[in-house]
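To start, the structure under review is shown below, and the notes come after it.
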């Protein structure tokens with residue numbers, strides 16, 4: 474069973490914020506929310522992760538709801554180079570492997 | 373810090389041959405994982421090395437093997453190549469410490485292997 478649910482695709486205008494939702498209603502207390510992205514034919518790129526507090530780094534912000542059943546990845550000023558497949562996953566400290574679902578294909582348009 | 377590097381980036385081999393792929397992790401990272409990615413199967417875990425020891429292994433045949441050196445660099449080998457081995461092979465390093473795996477994984481650009 475998939476642990477996360479993401480929209481199949483979304484478009485975003487260049488320069489605007491991109492808000493990518495993810496549902497993880499069965500998340501356990503010890504599971505973190507991770508976001509990765511993969512630009513066509515390149516290796517996946519780690520973006521951000523969090524447990525229950527909102528997180529921000531140079532790439533994005535992660536907003537996790539208080540009940541932790543959903544989260545939103547925010548790309549504050551999308552550029553054409555942000556066009557990629559974005560993966561939301563949940564994993565514990567002891568999960569030694571990553572497994573991606575279908576993810577959200579984000580297309581940033583000029 | 374330099375990122376994860378993988379060599380070669382592209383490779384074309386013939387069925388029955390063997391191939392060795394190399395991965396240099398981010399400096400200070402002791403954990404290296406290998407994945408196979410194909411359009412049909414998605415991202416599949418091959419194995420993970422930590423401090424020169426294979427710590428975890430995926431569900432791949434014995435033709436797929438790997439090793440890690442004392443400087444954390446890693447190699448994976450595929451013997452007796454089959455057409456179905458054509459894929460993007462990804463290496464990921466992690467600053468994981470001890471027995472936990474509580475950290476993010478940083479991927480290299482991958483090696484695109486084509487078997488003809």
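Protein chains in written order, with this note's numbering: chain A, 474 to 583; chain B, 373 to 488. Ideal Cβ placement from N, Cα and C applies to all residues, glycine included.
Measuring alpha carbon to alpha carbon, tell me which of A:540, A:483, A:580 ends up nearest residue 499 (chain A). Per the Cα distances, A:540.
Using a Cβ cut-off of 9 Å (strictly closer), state whether residue 487 (chain B) contacts chain A. Judged by the 9 Å Cβ criterion, residue 487 (chain B) is not in contact with chain A.
Three-state secondary structure assigned by DSSP to residue 554 (chain A): Helix, per DSSP.
What ranges does the beta strand (DSSP E) occupy inside the region 484 to 518 of chain A, keeping only unbroken runs of at least 3 residues that lie completely in it? 491 to 496, 504 to 511
Is any heavy atom in the ligand PLP found nearer than 8 Å to the beta carbon of residue 558 (chain A)? With respect to the ligand PLP, the structure offers nothing, as it holds no ligand at all.
Considering Cα atoms alone, identify which of A:484, A:529, A:478 is closest to residue 580 (chain A). A:484
For residue 571 (chain A), is the classification buried or exposed, using 16 other Cβ atoms within 10 angstroms of its Cβ as the cut-off for buried? buried
What residue from B:387, B:432, B:402, B:391 has the CA that sits closest to residue 477 (chain B)'s CA? B:402
Excluding five sequence neighbours on each side, which residues of the same chain lie with their C-beta closer than 6 Å to the C-beta of residue 556 (chain A)? Here the set comprises 580, 581.
Buried or exposed by the 16-neighbour rule on C-beta atoms within 10 Å, applied to residue 516 (chain A): The residue in question, residue 516 (chain A), is buried, as its Cβ has 16 or more Cβ neighbours within 10 Å.
Anything in chain B within Cβ reach of residue 501 (chain A), meaning under 7 Å, just list it in chain order. The premise fails here: residue 501 (chain A) is roughly 14 Å from chain B at the closest Cβ pair, so nothing lies under 7 Å.
Same chain, Cβ closer than 8 Å to residue 388 (chain B), five either side skipped, listed in chain order: Within the same chain, residue 388 (chain B) has close Cβ partners 452, 453.
Quick check: what's the CA-CA separation for residue 414 (chain B) versus residue 459 (chain B)? 10 Å
Residue-chain proximity (residue 440 (chain B), chain A), Cβ-Cβ < 9 Å: For residue 440 (chain B), the closest Cβ of chain A is not nearer than 9 Å.
Coarse secondary structure for residue 524 (chain A), derived from DSSP in three states: coil
Of all the options B:435, B:391, B:398, which has the alpha carbon lying nearest to the alpha carbon of residue 445 (chain B)? B:398
For the region 432 to 466 of chain B, list every residue whose C-beta sits within 7 Å of some C-beta in chain A, in sequence order. 462
Can you confirm whether residue 569 (chain A), when its beta carbon is compared against all beta carbons of chain B, has any partner nearer than 9 Å? At a cut-off of 9 Å between beta carbons, residue 569 (chain A) contacts chain B.
May I ask which residues mark the beginning and end of the beta strand (DSSP E) holding residue 400 (chain B)? Taken as a continuous stretch (DSSP letters only), residue 400 (chain B) belongs to no beta strand (DSSP E), as it is neither H nor E.
Would you tell me roughly how many angstroms separate the C-alpha atoms of residue 432 (chain B) and residue 514 (chain A), rounded to the nearest one? 23 Å
Between the CA atoms of residue 530 (chain A) and residue 561 (chain A) - distance to the nearest angstrom: 16 Å
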